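Colleague: Each position in the sequence shown, counted from 1, maps to that position plus 69 in my numbering.
Glycine included, C-beta positions come from ideal geometry on N, C-alpha and C.
Given the structure is predicted, the values throughout are model-derived calculations rather than measurements.
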Amino acid sequence: MENSEIKTPRGMAITIPGETTTIAHNLGTTDIIVALYNVATGNELNSGITVVDANTVTISTASGAPAQIRVVIMGF
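1) Would a C-beta distance cut-off of 7 Å place residue 104 and residue 124 closer than the cut-off?
2) Using 10 angstroms around the beta-carbon of residue 144, count the other beta-carbons present and answer buried if the total reaches 16, otherwise exposed.
3) At the level of alpha carbons, what is the spacing between residue 116 and residue 97?
4) Using beta-carbon positions only, say whether residue 126 and residue 138 come within less than 7 Å of one another.
5) Could you check how far apart the C-beta atoms of residue 142 and residue 120 are, in whole angstroms? I think they sit under 8 Å.
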């Protein structure tokens, strides 16, 4: 295994429950880990995450999802 630099942006995404939100993380890699958290409660969320390309992911939320989600993306 090669020694890789871990890159970690963190931010908040305003989502529309039941719709898809695009997140530009600009890490330059598709080797990423994405975690989503409810801003109001701090609880981790399960959601549909799609890696679009080396700099972008989409998050598909259910109709009952919170409007504010904290997104943490780590890339290698």
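Modeller: With the structure as the only source:
1) Taking the first residue of the sequence shown as position 1, residue 104 is located at position 35. Taking the first residue of the sequence shown as position 1, residue 124 is located at position 55. Against a cut-off of 7 Å, the Cβ pair of residue 124 and residue 104 comes out as no contact.
2) Within the sequence shown, numbered from 1, the residue matching residue 144 stands at position 75. Residue 144 comes out buried.
3) Against the sequence shown, residue 116 aligns to sequence position 47. Against the sequence shown, residue 97 aligns to sequence position 28. Distance between the alpha carbons of residue 116 and residue 97 is about 23 Å.
4) The sequence position of residue 126 within the sequence shown is 57, counting from 1. The sequence position of residue 138 within the sequence shown is 69, counting from 1. Contact: no.
5) Taking the sequence shown and counting its residues from 1, one reaches residue 142 at position 73. Taking the sequence shown and counting its residues from 1, one reaches residue 120 at position 51. No, residue 142 and residue 120 are not in contact; Cβ-Cβ is about 10 Å, not under 8 Å.
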